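Worksheet: the structure to be examined is printed underneath.
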Amino acid sequence: MKVVLEVGLGTGENAVRILSSLPRIKHYFVVDLPYTFGHEEERRMRKECLAKLLEDPRFHLFTGDSKSLLPWL
Numbered sequence: 020m021k022v023v024l025e026v027g028l029g030t031g032e033n034a035v036r037i038l039s040s041l042p043r044i045k046h047y048f049v050v051d052l053p054y055t056f057g058h059e060e061e062r063r064m065r066k067e068c069l070a071k072l073l074e075d076p077r078f079h080l081f082t083g084d085s086k087s088l089l090p091w092l
C-alpha cells in the first residue's frame with residue numbers, strides 16, 4: 020500500500036521540515052501556490068524553505084494540480 024501525503028507550503032515551514040525529517044517517508048510532495056504568498060517576508064520564507072527541501076531526493080514539488088500526483092500512486 021502506498022500512502023501519498025500532499026502538503027502546501029502554506030501549512031508552515033516547520034510542518035514541511037518535520038515531514039522531511041521522517042525517515043520512513045519515501046517520497047513527499049509539496050504543493051507550491053505562489054499566488055498565496057503576497058507579502059515580501061512570506062515570499063522570502065517560501066524561497067528559503069524550498070531551497071532546503073530541494074536538497075532532499077525524496078522531495079517532489081508540484082504547482083497545485085493534484086492530478087500530477089497520479090503517476091506516483
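Residue numbers (our numbering): 20 to 92. C-beta atoms are modelled at their ideal positions from N, C-alpha and C, and glycine is treated no differently. Owing to the predicted nature of the structure, the values given are computational and were not obtained by experimental measurement.
In angstroms, rounded to a whole number, what distance separates the CA positions of Pro42 and Leu73?
-> Here the question's residue 42 lines up with position 23 in the sequence shown. Here the question's residue 73 lines up with position 54 in the sequence shown. The straight-line gap from Cα to Cα measures roughly 16 Å.
Glu59 versus Ile44 - alpha carbon distance = Against the sequence shown, residue 59 aligns to sequence position 40. Against the sequence shown, residue 44 aligns to sequence position 25. Roughly 32 Å separates the two Cα atoms.
When DSSP labels each residue in this structure, what does Leu80 get in the three-state scheme?
-> Position 61 of the sequence shown holds residue 80. The answer is strand: DSSP assigns Leu80 an E or B state.
Nearest-angstrom Cα distance between Phe78 and Met64?
-> To locate residue 78, count along the sequence shown from 1; it is residue 59. To locate residue 64, count along the sequence shown from 1; it is residue 45. Distance between the alpha carbons of Phe78 and Met64: 18 Å.
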